[in-house]
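What follows is the structure, given as structure tokens:
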């Protein structure tokens with residue numbers, strides 16, 4: 559499975575519709591003309607780095623709301639896994655399930671990874687900031703989870719306010 563190239567800043571965000579926590583179906587079109595969007599792709603529910611990243615966004619969530627921004631997390635985990643992960647960490651935003659990696663591929667974040675000397679296919683942790691017109695305004699590859707939510711929030715305050 560070949561990953562598409564990562565969409566560039568200034569380009570139109572690839573459209574998507576996915577099912578998320580609570581069985582809710584959402585897509586890019588739900589936010590066009592209304593809200594900015596932080597779309598973050600992460601490898602796996604309930605792993606240390608992914609939990610830290612999700613909790614960072616959770617803790618900063620009210621500040622994102624103040625700036626008219628919605629947060630959505632995307633991984634290949636199923637909705638049941640997302641529901642448990644979201645409940646455990648009290649996440650106020652939706653986690654979307656992309657089991658076939660179609661949206662991950664459209665955003666260029668699915669591909670070969672290596673860990674402890676072995677290669678496998680997986681999600682490269684990446685975040686996109688999409689404005690209310692559907693234009694990609696920011697791309698954050700190779701995320702450092704500990705400070706990532708604050709980094710994205712500062713970007714939104716600087717670039718989208």
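Numbering (the working numbering), first residue to last: 559 to 719.
Every residue gets a Cβ at the ideal spot worked out from N, C-alpha and C, and that includes glycine.
Residue 616 places its beta carbon less than 8 Å from that of residue 649.
Residue 633 and residue 643 have their C-alpha atoms spaced approximately 12 Å apart. The beta strand (DSSP E) runs lying completely inside the segment 566-644 and spanning 3 residues or more are 575-578, 583-585, 594-599, 627-633, given in chain order. Boundaries of the alpha helix (DSSP H) harbouring residue 711: 703-717, taken from the DSSP string.
Out of 662, 669, 673, 670, the CA that lies nearest to the CA of residue 686 is found in 662.
The beta carbon of residue 590 lies closer than 8 Å to those of 690, 691, 692 in the same chain, with the five residues before and after it left out.
In the displayed model, residue 661 falls within a helix according to three-state DSSP. Residue 575 is not a Cβ neighbour of residue 595, given a cutoff of 8 Å.
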